[in-house]
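Under our numbering, the first residue of the sequence shown is numbered 35, with each subsequent residue one higher.
Positions of the beta carbon are idealized from the N, C-alpha and C atoms, including for glycine.
Keep in mind it's a predicted model, so treat the numbers as computed, not measured.
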Amino acid sequence: RPVKLSSFRGRYVLIDFWASWCHPCREDNPQWVKVYKRLKDKNFTILGISLDGHDSKAAWLKAIKDDGLTWPQVSDLKHWDNAVSSQYGISAIPQNVLVDTQGKVMAKNIEPHEVVSVIERLNNGK
């Protein structure tokens with residue numbers, strides 16, 4: 035079902051561009067799982083945007099389960115012709131975009147430890 039970024043308004047969102055066949059993406063997933071567990075109750079979420087295609091839909095769904103990705107995951111199953119990745123100028127993965135509570139881009143390709151630092155600082159008003 036369709037998901038709109040605007041439905042996350044009021045929360046910080048890390049848009050994570052990845053795919054089941056992307057080894058660096060899969061290697062990063064355990065770190066993102068830790069970040070999500072730490073920050074999910076602090077006005078933060080992750081939105082996974084997969085660049086898998088129709089031919090790898092089963093592998094994508096398996097990767098979500100195997101890697102423990104409990105945050106929203108979406109894909110139009112169009113590989114590199116993915117509408118959202120085109121909108122954000124994504125030409126390689128893994129990549130991510132951190133957006134603020136109004137949906138404005140705060141950072142691109144931010145590391146997991148940096149996300150924790152930024153979100154905790156913002157939630158503490160510092």
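Kindly provide the ranges of any beta strand (DSSP E) runs that are 3 or more residues long and lie completely inside the stretch 58-112, ordered along the chain. 78-84
If we ignore side chains and look at the alpha-carbon of each, how far apart do K96 and W55 end up? 11 Å
Going by alpha carbons, who is nearest to I83 out of E154, M140, K74 and K38? K38
Provide the residue(s) that pair with K142 in DSSP beta bridges, ordered along the chain. V131
Mark S125 as exposed unless 16 or more other C-beta atoms lie within 10 angstroms of its C-beta, in which case mark it buried. exposed
Look at the alpha carbon of W66 and the alpha carbon of L48, and state the distance between them as a whole number of angstroms. 10 Å
Neighbourhood of K91 by C-beta, 7 Å cutoff - its chain only, sequence neighbours within 5 removed: L111
Is it true that the CB of Y46 sits closer than 8 Å to the CB of L132? yes
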